[in-house]
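Those sequence lines, one after another, are chains R and E. Just so we're aligned: the first sequence equals residues 1 to 393 in full-length UniProt numbering. Just so we're aligned: the second sequence equals residues 1 to 82 in full-length UniProt numbering. Glycine included, every Cβ here is placed at the ideal spot set by N, Cα and C. Remarks on the structure that follows.
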Amino acid sequence: MNEVARAKALSLTERARRAAAVAAAHADDVDAAGRFPREAVDAMKAERLLGIQVPAYLGGEGASTAEIAEVCSILGQACSASAMVFAMHQIKASSLVSHGEGAPWHEGYMRRMAADQLLLASATTEGGIGGNLRNSICAIEVDGDICRLTKDATVISYATEADAILITSRARADSAPSDQVMTVFEKGQYTLEKTHHWDTLGMRGTRSDGFIFKGEAPAEQILPKPFAEIAAQSMLANSHILWSGVWFGIASDAFARAQAFVRAAARKSPGSVPPGALRLAEASNLLQLVKSNILAALQQYDAAQKDETKLSSMGFAVAMNNVKIASSQTILEIINHCLLICGIMGYKNGTPYSLGRHLRDAHSAQLMISNDRILGNTSTMLLVNKQDTSLLG
Amino acid sequence: MVTRIRELLAKHGALPVSVETLSDTADLYEAGLSSFASVQLMLALEDAFNVEFPEHLLNRKSFASIAAIRDAVASLTGEAVA
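What follows is the structure, given as structure tokens:
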């Protein structure tokens with residue numbers, strides 16, 4: 001738990017709170033207009049939050065996953081779309097930090113990323129792969145020192161706002177669909193032709209439009225490790241933990257609104273406990289469950305960090321999958337409780353107790369990498385993997 | 001043992017290429033072994049060699065090549081690898 005304690009002590013949380021205040025001020029407008037949270041991302045840059053994960057020797061702060069998850073949660077309490085953009089950026093950064101060290105181009109890029117607070121996007125989904133990001137149809141073409149790629153990317157979140165896109169493809173034209181690489185393409189090295197418009201129930205500010213991506217760049221920008229290893233060793237844990245951090249933030253803010261509602265009701269009728277109070281106690285229990293689950297995952301990830309075999313093991317993948325399933329389902333229960341507590345004041349937009357945006361945004365949790373797909377994947381692994389039955393690991 | 005492993009890989013590996021074209025050290029993931037197929041292969045190996053894969057062998061490395069599978073199975077059966 002040392003990492004978590006350290007995260008709490010650092011002024012990083014103060015910087016995150018300042019950025020969150022900006023995000024909160026624009027959250028309703030970002031949601032209503034379905035626009036990129038420009039002010040919030042500018043504030044993240046001003047607070048130098050985009051480069052925190054880059055190792056100190058490359059000009060960053062070497063922030064741990066626990067510290068980044070805390071920032072995700074703080075932002076999530078203010079504006080879920082801004083928080084999700086930050087989380088997705090940090091997931092891409094983790095691919096670079098975990099697998100780009102030692103590669104001169106990627107080290108140079110990380111240095112620039114920290115210095116200039118560059119925003120990273122990613123393109124892992126593709127038309128025709130059925131949502132399985134561990135499969136690619138498109139293949140990168142290496143021609144001497146140059147690589148070229150065309151991809152029918154059905155989703156690239158905040159693509160037009162990003163400074164670079166990390167994109168997956170098959171390693172060669174004759175590679176199997178699962179034999180993939182990841183390449184960093186910088187703005188100016190690609191064109192984007194919009195194919196799908198992002199008009200959704202929630203998370204409207206992530207601007208997850210679809211594009212035909214066409215890029216050409218020096219071949220040294222291909223990450224030196226197979227994408228399978230990047231996915232297993234950094235992306236899986238970072239995605240599930242950082243997303244969960246965002247979702248915990250959304251649920252926490254919903255809880256704070258419900259608690260404020262109950263307290264206001266209690267002040268109005270002294271001597272009696274308002275009817276919503278009991279439900280608030282239930283929501284508190286669920287919120288603590290989500291928090292404990294994320295903290296346990298952080299501890300497990302921290303312990304596995306220096307052990308590639310452990311990071312690639314089925315037991316670890318099952319545990320991370322379970323964290324995602326649990327937090328994505330439980331936050332809906334929490335927010336639903338909060339909505340029942342706040343009643344019509346929560347249902348209405350524009351009150352201090354409004355929960356519509358929280359509820360809509362939270363519904364994305366079980367869809368971004370569909371829980372059914374994750375459960376299917378876990379169930380395959382459980383054919384051979386034994387469930388961890390020890391309490392302390 | 002390698003012959004038997006090759007048979008099981010051909011049957012359960014769902015590889016887009018023929019197993020005969022792969023050397024013992026060829027990267028099976030590069031050849032197209034999916035995580036689903038690797039689990040099916042593990043189950044078949046457990047059955048064929050009457051072993052159970054413990055947690056520390058349930059990772060990508062153990063199934064990265066025919067030689068790696070041979071080493072993993074041998075470590076469980078106590079058989080000499082040669």
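Using a Cβ cut-off of 8 Å, pull out every chain E residue sitting near residue i, in sequence order please.
| i | result |
| --- | --- |
| Val384(R) | Val39, Met42, Leu43, Glu46, Phe53 and Leu58 |
| Gly315(R) | Glu55 and Leu58 |
| Ala83(R) | Simply none; closest approach about 30 Å. |
| Ala228(R) | Tyr29 and Arg60 |
| Ala232(R) | Arg60 |
Less than 7 Å between C-beta atoms, sequence neighbours within five positions excluded: which residues of the same chain meet that for residue i?
| i | result |
| --- | --- |
| Glu67(E) | Here the sequence assigns Ala to residue 67(E), which means Glu is not the residue at that position. Closer than 7 Å at the Cβ level, and outside the excluded window around Ala67(E), lie Asp24 and Thr25. |
| Arg17(R) | Ile74 |
| Lys306(R) | none |
| Cys72(R) | Ala83, Phe86, Ala87, Leu242, Gly245, Val246 and Gly249 |
| His196(R) | Thr154, Asp209 and Gly210 |
| Glu126(R) | Ser136, Ile137, Cys138, Lys151, Asp152, Ala153 and Thr154 |
| Ala37(E) | His12, Gly13 and Ala14 |
| Lys45(R) | Gln117 |
| Met1(R) | For Met1(R), the predicted model reports a pLDDT of 49, less than 50, meaning its position is unreliable and no value from the coordinates is stated. |
| Thr77(E) | Phe49 and Val51 |
| Ser4(E) | Per the sequence shown, the amino acid found at residue 4(E) is Arg instead of Ser. Excluding positions up to five away in sequence, the list reads Ala48. |
Since residue i and residue j are thought to touch, with beta carbons under 8 Å apart, how far apart are those beta carbons, to the nearest angstrom?
| i | j | result |
| --- | --- | --- |
| Thr378(R) | Val290(R) | Incorrect: roughly 19 Å between the Cβ atoms, too far for contact. |
| Pro177(R) | Ile137(R) | 7 Å |
| Thr380(R) | Ile241(R) | Actually they do not touch by this definition, with Cβ atoms about 22 Å apart. |
| Gln233(R) | Glu308(R) | 6 Å |
| Ala31(E) | Val17(E) | 6 Å |
| Asp174(R) | Tyr29(E) | Actually they are not in contact, since the Cβ atoms of Asp174(R) and Tyr29(E) sit about 15 Å apart, beyond 8 Å. |
| Leu57(E) | Leu8(E) | About 16 Å separates the two Cβ atoms, so there is no contact after all. |
| residue 470(R) | Ser169(R) | No answer is possible for residue 470(R): it lies beyond the span of chain R, which begins at 1 and ends at 393. |
| Leu58(R) | Ala114(R) | 6 Å |
| Phe63(E) | Leu33(E) | 7 Å |
| Val323(R) | Asn293(R) | 6 Å |
| Leu166(R) | Lys92(R) | 5 Å |
| Ala362(R) | Ile331(R) | 5 Å |
| Met182(R) | Leu149(R) | Contact flag wrong, Cβ pair sits at about 11 Å. |
| Leu287(R) | Ala251(R) | 6 Å |
| Asn238(R) | Ser370(R) | Contact doesn't hold; Cβ gap of about 19 Å is too wide. |
| Met110(R) | Asn59(E) | Contact doesn't hold; Cβ gap of about 28 Å is too wide. |
| Arg373(R) | Gly131(R) | 6 Å |
| Glu220(R) | Trp105(R) | 5 Å |
| Val384(R) | Phe53(E) | 6 Å |
To which residues of the same chain is residue i closer than 8 Å at the C-beta, ignoring the five residues directly before and after it?
| i | result |
| --- | --- |
| Lys11(E) | Ala44 |
| Lys8(R) | Summary for Lys8(R): the model assigns pLDDT 49, below 50, so the residue's position carries little reliability, and this model does not support an answer. |
| Gly34(R) | Trp198, Asp199, Thr200, Arg204, Gly205 and Arg207 |
| Val30(R) | Phe36, Pro37, Ala40, Cys79, Ala81, Ser82, Arg204 and Gly205 |
| Thr13(R) | Ala7, Glu70, Val71 and Ile74 |
| Val273(R) | Ala266 |
| Pro218(R) | Trp105, Asp145, Ile146 and Cys147 |
Quick one: what's got a C-beta closer than 6 Å to residue i's C-beta in the same chain, skipping five residues either side?
| i | result |
| --- | --- |
| Ala164(R) | Leu120, Val184 and Glu186 |
| Ser208(R) | Val155, Ser157 and Trp198 |
| Arg6(E) | Val19 |
| Leu311(R) | Gln233 and Ala304 |
| Tyr353(R) | Arg257, Phe261, Cys342, Met345 and Gly346 |
| Met276(R) | According to the sequence as given, residue 276(R) is Gly; it is not Met. The answer, listed in chain order, is Val262 and Ile341. |
| Thr124(R) | Leu133 and Thr168 |
| Thr351(R) | Met345 |
| Ala72(E) | Leu57 and Ser62 |
If the cut is a Cβ gap below 9 Å, which residues of chain R does residue i touch?
| i | result |
| --- | --- |
| Glu61(E) | Note that residue 61(E) is Lys in the sequence shown, not Glu. Ordered by position in chain R, the residues that pass the 9 Å Cβ test against Lys61(E) are Glu308, Thr309 and Ser312. |
Name the chain E residues that come within less than 9 Å of residue i, Cβ to Cβ?
| i | result |
| --- | --- |
| residue 405(R) | No answer is possible for residue 405(R): it lies beyond the span of chain R, which begins at 1 and ends at 393. |
| Ala237(R) | Simply none; closest approach about 15 Å. |
| Ala176(R) | Leu15, Pro16, Val17, Tyr29, Glu30, Ala31, Gly32, Leu33 and Ser34 |
Going along chain R in order, which residues have a C-beta closer than 7 Å to the C-beta of residue i?
| i | result |
| --- | --- |
| Ile36(E) | Checking the displayed sequence, the identity of residue 36(E) turns out to be Phe instead of Ile. Per Cβ cutoff of 7 Å: Thr380. |
Based on DSSP bridge pairs, tell me the residues matched to residue i.
| i | result |
| --- | --- |
| Leu149(R) | Gly215(R) |
| Thr168(R) | Met182(R) |
| Asn59(E) | Ser313(R) |
| Gly210(R) | His196(R) |
| Ile222(R) | Thr183(R) |
| Tyr190(R) | Gly215(R) |
| Ser328(R) | Its beta-bridge partners do not exist; DSSP assigns none. |
| Val142(R) | Cys147(R) |
| Ala123(R) | Ile167(R) |
Name the chain E residues that come within less than 7 Å of residue i, Cβ to Cβ?
| i | result |
| --- | --- |
| Ala265(R) | Result: empty, since nearest Cβ-Cβ is about 51 Å, beyond 7 Å. |
I'd like to know whether the C-beta of residue i is nearer than 8 Å to at least one C-beta of chain A.
| i | result |
| --- | --- |
| Ala67(E) | Reference to chain A is not applicable here, since the protein chains of this structure are R and E. |
Task: Contact between the region 328–339 of chain R and the region 276–284 of chain R (3+ Cβ pairs under 8 Å) - done: yes
Open item on the list: Taking contact to mean 3 or more Cβ pairs, one atom from each stretch, closer than 8 Å, check whether the region 106–123 of chain R and the region 190–203 of chain R are in contact.
Closed with: no
Open item on the list: With three or more beta-carbon pairs closer than 8 Å as the criterion, would you say the region 92–102 of chain R touches the region 142–149 of chain R?
Closed with: no
Task: Inter-stretch contact (C-beta, 8 Å, three-pair minimum) for the region 250–257 of chain R and the region 327–335 of chain R - done: yes
- [ ] Evaluate contact between the region 216–231 of chain R and the region 47–58 of chain R, counting only Cβ atoms and requiring at least three cross-stretch pairs below 8 Å.
- [x] no
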